[in-house]
Structure formats: C-alpha cells, structure tokens
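Line by line, the protein sequences are chains A and B. So in numbering that gives the first Met the number 0, the last one in the first sequence is 284, and the numbering has no gaps at all. So in numbering that gives the first Met the number 0, the last one in the second sequence is 372, and the numbering has no gaps at all.
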Amino acid sequence: MTTWLARKRESGFLLAVPTIAWLLILFVLPLVIVLIVSFMSRGRGGVAIMPFTIEHYQRTLGIFSIILWRSIGLAALTTLVCLVIGYPLAFFISTRRNRLFQQVTLFLVILPFWTNFLIRTYAWRILLGDEGTINGFLLSLGLIDDPLPMLNTQFAVLVGLVYGFLPFMVLPIYASVERFNFRYVDAAYDLGANDLRAFLRVVLPLTLPGVLAGCALVFIPSVGAFVTPDLLGGAKGLMIGNLINNQFGGSGNMPLGSALSIVMMAVVMLSLLVYLLANRRDRGA
Amino acid sequence: MSTTDVELSDIVKEFESGGTIVRAVDQVSVQIADGEFFALLGPSGCGKTTTLRLIAGFEQPTAGRILIRGRAMEGIPAYHRPVNTVFQDYALFPHLTVEQNVMFGLQMEGLGKKEARKRAEEALEMVRLPGVAKRKPHQLSGGQQQRVALARALVKQPAVLLLDEPLGALDLKLRKNMQYELKALQRDVGITFIYVTHDQEEAITMADRIAVMNEGKMLQVGKPEEIYERPGTRFVADFIGETNFIPATLLDRDSAGRGMVQLPTGDVIPALLSDALQAASGDVTLALRPERIGIFDQLTSGDFQQGDMTTLDAVLVDSQYIGTDTRYTLRIAEDTNLVARMQNVDGQDKAALAIGQAVKISWHRSSATVLDH
Numbered sequence: 000m001t002t003w004l005a006r007k008r009e010s011g012f013l014l015a016v017p018t019i020a021w022l023l024i025l026f027v028l029p030l031v032i033v034l035i036v037s038f039m040s041r042g043r044g045g046v047a048i049m050p051f052t053i054e055h056y057q058r059t060l061g062i063f064s065i066i067l068w069r070s071i072g073l074a075a076l077t078t079l080v081c082l083v084i085g086y087p088l089a090f091f092i093s094t095r096r097n098r099l100f101q102q103v104t105l106f107l108v109i110l111p112f113w114t115n116f117l118i119r120t121y122a123w124r125i126l127l128g129d130e131g132t133i134n135g136f137l138l139s140l141g142l143i144d145d146p147l148p149m150l151n152t153q154f155a156v157l158v159g160l161v162y163g164f165l166p167f168m169v170l171p172i173y174a175s176v177e178r179f180n181f182r183y184v185d186a187a188y189d190l191g192a193n194d195l196r197a198f199l200r201v202v203l204p205l206t207l208p209g210v211l212a213g214c215a216l217v218f219i220p221s222v223g224a225f226v227t228p229d230l231l232g233g234a235k236g237l238m239i240g241n242l243i244n245n246q247f248g249g250s251g252n253m254p255l256g257s258a259l260s261i262v263m264m265a266v267v268m269l270s271l272l273v274y275l276l277a278n279r280r281d282r283g284a
Numbered sequence: 000m001s002t003t004d005v006e007l008s009d010i011v012k013e014f015e016s017g018g019t020i021v022r023a024v025d026q027v028s029v030q031i032a033d034g035e036f037f038a039l040l041g042p043s044g045c046g047k048t049t050t051l052r053l054i055a056g057f058e059q060p061t062a063g064r065i066l067i068r069g070r071a072m073e074g075i076p077a078y079h080r081p082v083n084t085v086f087q088d089y090a091l092f093p094h095l096t097v098e099q100n101v102m103f104g105l106q107m108e109g110l111g112k113k114e115a116r117k118r119a120e121e122a123l124e125m126v127r128l129p130g131v132a133k134r135k136p137h138q139l140s141g142g143q144q145q146r147v148a149l150a151r152a153l154v155k156q157p158a159v160l161l162l163d164e165p166l167g168a169l170d171l172k173l174r175k176n177m178q179y180e181l182k183a184l185q186r187d188v189g190i191t192f193i194y195v196t197h198d199q200e201e202a203i204t205m206a207d208r209i210a211v212m213n214e215g216k217m218l219q220v221g222k223p224e225e226i227y228e229r230p231g232t233r234f235v236a237d238f239i240g241e242t243n244f245i246p247a248t249l250l251d252r253d254s255a256g257r258g259m260v261q262l263p264t265g266d267v268i269p270a271l272l273s274d275a276l277q278a279a280s281g282d283v284t285l286a287l288r289p290e291r292i293g294i295f296d297q298l299t300s301g302d303f304q305q306g307d308m309t310t311l312d313a314v315l316v317d318s319q320y321i322g323t324d325t326r327y328t329l330r331i332a333e334d335t336n337l338v339a340r341m342q343n344v345d346g347q348d349k350a351a352l353a354i355g356q357a358v359k360i361s362w363h364r365s366s367a368t369v370l371d372h
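Quick look at the structure:
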C-alpha cells in the first residue's frame, strides 16, 4: 500500500515537471530579471545599466503615485459598479425556473467575448465620441447644445472597464447563487426577517464566496488595464498599464517600467491576499 | 383546549406546472384547537406540506381563508405571522453558530444581544442541548441539528409550531426517542403543534388528532383511535395500519349505523357502517384489522360463537413468524384470503395449527367496518 502510494506520488511529481519547468523558465526567471532591472540605472535608449539604484521606486511612489492611485481607484470603482450591476443580474439569472431561459441569458452575458476586445473598445470610441452615437442622438433631440465631453475622460475608461469585465463578476456570483438553498430564505422569513434583512443576514453571507471571487477577477485585470485607458482615456485617463507600456517603447526607461511593474504586481498580490483572507474567514474554519 | 388556534376554511392551492394547473390542496377546512398536537398525515404529494407552507405564509392560497388566533392571514407575510417552522432539512444557517441560529429570530424582533443570548441558552437547555452554542451546524449530528431547529423555532414562543417531517432524516431508534421527547415538550410548552408526516405510526403515537390527506383532500379528521378503529374510506383504512379488504354486498342498513353484508362465502354477517358510507346497498368493501381476528381449532371450539361474535370457516394457508406476532393467511373462499395476526405468548402450543388445517375464525361484529367499494 505504502509503496504504491509512494510510487504514485513520485509519478505525480513527474507529471508536473513540464509545468514546473515552464513556470520556472517563462515566469519566475523573467520576474527575477524584471526585479533586478528595476534596481538598475537607465542607459542610452532606455536600457538598463549599472550601477544599482532605487531612483525608479522613488519616482514610482513619488511623481507617478498619482497614476498609481488613479489606477487603483478606477479599478476599485470598476469592481464596485460591476458588483452593483452584476449581483442583481446574476441573481436574476440563477433564480429563473426556466432552465433554457437561464442558459440563453448566461450565453448572452458571455457573447461579447466572441468579438475581439480591441474592436469592442473601438466601438466605445464611436459611441462616446463628440460626433459619436450618443452625442448625436442627444443633439438631434435638442437635449444638449454642445456635445458632452465623454471620450478621453476617466468616465470613458470606467465605462470601458465595466463593460469589459462585467462577465467576470456575473459568472462566479451566478455559480454561488445557483448553489444557494432558498430554504434558508424561508427560514429567515419564518424567524421574522423581512426581505432586506433576509438578504443581508442570510443570502449575502452565503453567496459571499462568489462575490469575493468576482471582485478579485474584476479588480486584478482592471488595475493593469492597458487597452481600455489607451483607447478611451486619453491623457486624463492614463493608467499604470499605459505608463509601463511607454517605458518599454522607443524612448522609454526599462528600469522605470520594471519598477512600475513590480509595484503594480505588489498591489495585485495585496488584493489577492485580501481575497484569500476574506474567503478563509468566510469558510469559518 | 377549547379555543380555536388555527382555522382553515375552504383552502385551495393551485400550482401551474408545464401549462397545466395542479391542485395541491383541494377544499381543505379544519379547525385546530389551542394547545393541540395535530398531525397532517398522508403519502408524499398529498398536499400536507403545501398546507403547512400556506399556514406559514410561504405560499398564498388560491382560494379560502386562514385564521390564526382569529386573525385573517391574508396579505400578512411569513415574517409577521405568529408561527414558526421546523423544516424537514432543518435549514439551519450554515454560516452562523448554533447560538447565532437560535438568536436570529429574537434579534429580528429587536431584542438586544445580551438578552437574546440568554434566551437562546435557555432554549438550548430546554431541548437538552447545552454546550454546543459555539459550534457550527455542520459539526453536529442529525439529531443535534434537529434539536437546534426546534430551539430556534420555540425560542420565538409562537402561537403555533409547524413541523415538516422533522424526524424524517433520523434513524429509527433516535426517531422513536424523539417522538416521546417531542410529545413531552409539546405538553410542557403548551404550544399548538401542526405536524406533517407520512409515517402513520408517528402520527398515531404523538398526535391528539390526525388529518389523513390524499390528492389534496382532507379525507378524515379524528383522534388516532377513531382513525384507526373507524376509517371512513378505503384509502384511510389502507394507509393506517394493515387491513383486510373483503368484497361484500350490503343487504340492509339501519339508522343506528349497523348493516348486514353478504360475504363471498355466502355468509350474511353484521357489521358497522362507516360514517362516510354512501352506498345504501350493493357492492361495498368490508374492512377488518388482522389483530381483531381470532383463530380456533375446530376440535377445541367450544362456545365461542356467542353474542356479538361472527364466526366463519377457514383453511390455514400460511403462517409467518414475525417476532412479537405470528401472521396467518386464511382462505375463506376461492379467491378470498384474510390475514390474521396473533401475539406470540409463552405456553402456546405452536404445533396446534398446521398448514392446510380447517379452522374457525371469529371477530366481534363491531370490528368489521363497511366502506364504499
């Protein structure tokens, strides 16, 4: 028995070797390189040279902190809006009796993924632009005299991010509510809880794993978003992802870009840690 | 015991399922007295749980009226009704501790944490479950969870406690113990219990009155002994305990509830008419409980054929030892077998009755009940 189990463990490890090698070469190693580069000086053409310095971290947390905070703020706001829209939607879908209706609505939630993200983001330019669909419509109705400045604002970035990441909020919450036993709501009513209290004391805590997973899945890619702020945000909507992108371009600064990347990764790690802790507390171990 | 606690009048509940209307509860009317232990008994899908959910307020009746303590319940949501439920699967909140589960209802009433905790502790003691307050429901056994569910409902001191097959998930021995405990608890707290079960034995041993339901209808309401001794319909007689059904012809009936029926053997015998009997004559069914039939060896038969006893000839076809009793299968006519059951007692000559032997069987005339065919 023991030998069989031991052999099983051994062969199990062997099965994981390709994955481990892959991660070491293509994930851990580059990460180490980025970490080292982030402490090096900037040379001609933006490449990294000696000696070591912490100058880039000082700039990242100094002059660029406004963009860092903007990124975190926009990502948090995106998460909040996705939650406010996504929870009721997921709840609605998962509580339908008609199985076919459920499947069709879920399919509709995922449907935008069938079109390239870039194209969908360009479509928002057309919708939000000064001569765009929305402004054109409002102008033709005479509701406004001048086009509303929507494109190239943080608002546009928010709209684009919410639009892009909403399915990541809806799907885990859907799975949570689907598993939820509505007998608990009967029990809450029975014990004197009205709709709001039954929701806050019973439904929400028991679907929290889905909410937390959804928040992590929306917040993390939002912090590092690059295409959306690039196309919709203009100069006012610049996020840390764009900044990093610029540093690795022609006249950029690779060490600075590396430092920005490391800090961004720390933010993501921190939010993941919060997620894991909240999840563990929720399990009530 | 005299005042009415719960009154249902002409309750109808219809559900739509796949385009067709299904009547889950059909014209149910009943009055349940204050402090009564009332059982709703029937097979699965008979409408007993739906009836309970209507009283709790989880469902609204399609027609009819529900009164609790004289107050019409129409438009009153579940959370404002003076009733509490013990659910079949207990529905204990898995994210809360035992104590928090029991406190939940009190906090909804606006009770402070300290007071609620004290009352929760008392309630847990009442159901004999101290010392588990800080545990989560999943850390308890089924029997313990059942007690928590009971404490959580009783701590609210409801006018009526609704119990939906609360012992269904427990094993036989635990179930038996809980039956006595529940009954004792009900006597102590004096709260009206409405108890849904499909287990006829559970209903008979615990309830003050039983309502037998089938296909949404309340077929018969009465004390356990009434339901058992005087079943109104074939369904009730069949559902409660074991019964022999003998096809018979009703020849004559009098106004005092007695009649004469002819059996397939040709014998004409006296029997009691069920209150619900419709037929004035013709084809009927005679219901006879196995334990009410006595078997006598013809040779030793003395003067058993006396007074109100009915006696027939029979042949012993089979016998089956079942521990406390022995079950005998007896043929009285070509296609008509009866089952009789006699308790096994010491000193009884077990060899006395042999398969194939001709015997005499007898029963008291009031043991045979005439039902509609």
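Beta carbons: idealized from backbone N, C-alpha and C, even for Gly. Computed from a prediction, not measured in an experiment: that's the story for all the values here.
Is the separation between the beta-carbon of residue i and that of residue j shorter than 8 Å?
i, j, result
"residue 247 (chain A)", "residue 240 (chain A)", "no"
"residue 294 (chain B)", "residue 249 (chain B)", "no"
"residue 235 (chain B)", "residue 261 (chain B)", "no"
"residue 10 (chain B)", "residue 21 (chain B)", "no"
"residue 185 (chain B)", "residue 36 (chain B)", "yes"
"residue 157 (chain A)", "residue 76 (chain A)", "yes"
"residue 222 (chain A)", "residue 161 (chain A)", "no"
"residue 242 (chain B)", "residue 287 (chain B)", "yes"
"residue 93 (chain B)", "residue 136 (chain B)", "yes"
Check residue i in the structure and name its three-state DSSP category.
i, result
"residue 89 (chain B)", "coil"
"residue 370 (chain B)", "strand"
"residue 72 (chain A)", "helix"
"residue 355 (chain B)", "coil"
"residue 279 (chain A)", "helix"
"residue 72 (chain B)", "coil"
"residue 302 (chain B)", "In this prediction, residue 302 (chain B) has a pLDDT of 49, which is less than 50 and means its spatial position is unreliable; nothing more can be read from the coordinates."
"residue 0 (chain B)", "Note on residue 0 (chain B): pLDDT 45, under 50, position unreliable in the model; the coordinate value appears next. Coil, per DSSP."
"residue 195 (chain B)", "strand"
"residue 180 (chain A)", "coil"
"residue 7 (chain A)", "helix"
For residue i and residue j, what's the separation of their Cα atoms in angstroms?
i, j, result
"residue 245 (chain A)", "residue 228 (chain A)", "13 Å"
"residue 119 (chain B)", "residue 207 (chain A)", "27 Å"
"residue 65 (chain B)", "residue 224 (chain A)", "59 Å"
"residue 57 (chain A)", "residue 259 (chain A)", "10 Å"
"residue 57 (chain B)", "residue 86 (chain B)", "12 Å"
"residue 155 (chain A)", "residue 97 (chain A)", "36 Å"
"residue 81 (chain A)", "residue 234 (chain A)", "24 Å"
"residue 55 (chain A)", "residue 104 (chain A)", "48 Å"
"residue 270 (chain A)", "residue 108 (chain A)", "26 Å"
"residue 325 (chain B)", "residue 290 (chain B)", "10 Å"
"residue 147 (chain B)", "residue 121 (chain B)", "12 Å"
"residue 137 (chain A)", "residue 149 (chain A)", "13 Å"
"residue 285 (chain B)", "residue 81 (chain B)", "44 Å"
"residue 371 (chain B)", "residue 359 (chain B)", "27 Å"
"residue 172 (chain A)", "residue 278 (chain A)", "14 Å"
"residue 189 (chain B)", "residue 99 (chain A)", "49 Å"
"residue 27 (chain A)", "residue 17 (chain A)", "14 Å"
Assuming residue i contacts residue j (C-beta within less than 8 Å), just tell me the rounded distance between them.
i, j, result
"residue 49 (chain A)", "residue 40 (chain A)", "7 Å"
"residue 275 (chain B)", "residue 231 (chain B)", "4 Å"
"residue 374 (chain B)", "residue 132 (chain B)", "Nothing can be reported for residue 374 (chain B), as the shown portion of chain B is limited to 0 through 372."
"residue 168 (chain B)", "residue 141 (chain B)", "5 Å"
"residue 316 (chain B)", "residue 336 (chain B)", "6 Å"
"residue 142 (chain A)", "residue 133 (chain A)", "Going by Cβ atoms, the distance from residue 142 (chain A) to residue 133 (chain A) rounds to 11 Å, so no, they are not a contact pair."
"residue 218 (chain A)", "residue 78 (chain A)", "5 Å"
Name, please, each residue of chain A whose Cβ falls closer than 8 Å to the Cβ of residue i.
i, result
"residue 4 (chain B)", "Neighbours of residue 4 (chain B) on chain A: none; closest Cβ ~18 Å, over 8 Å."
"residue 133 (chain B)", "Neighbours of residue 133 (chain B) on chain A: none; closest Cβ ~11 Å, over 8 Å."
"residue 83 (chain B)", "189 and 190"
Mind pulling the chain B residues with CB within less than 8 Å of residue i?
i, result
"residue 188 (chain A)", "56, 57, 76, 77 and 78"
"residue 33 (chain A)", "What residue 33 (chain A) touches in chain B: nothing, since even the nearest Cβ is about 41 Å away."
Mind pulling the chain A residues with CB within less than 9 Å of residue i?
i, result
"residue 312 (chain B)", "Chain A residues near residue 312 (chain B): none, gap ~58 Å exceeds 9 Å."
"residue 117 (chain B)", "Result: empty, since nearest Cβ-Cβ is about 18 Å, beyond 9 Å."
Find the residues of chain B that neighbour residue i, judging by a C-beta separation of less than 7 Å, and give them in chain order.
i, result
"residue 196 (chain A)", "107"
"residue 300 (chain A)", "Past the boundaries of the shown model lies residue 300 (chain A); chain A is included only from 0 to 284, so the question cannot be answered."
In chain A, which residues lie less than 7 Å from residue i when you measure between Cβ atoms?
i, result
"residue 88 (chain B)", "182"
"residue 104 (chain B)", "190 and 191"
Could you tell me which chain B residues have their CB closer than 9 Å to the CB of residue i, listed as they occur along the chain?
i, result
"residue 205 (chain A)", "92, 93 and 94"
Should residue i be listed as close to the ligand NAP, given that the test is whether its C-beta is under 7 Å from any heavy atom?
i, result
"residue 44 (chain B)", "In the structure shown, the ligand NAP is absent, as is every other ligand, since no ligand is present at all."
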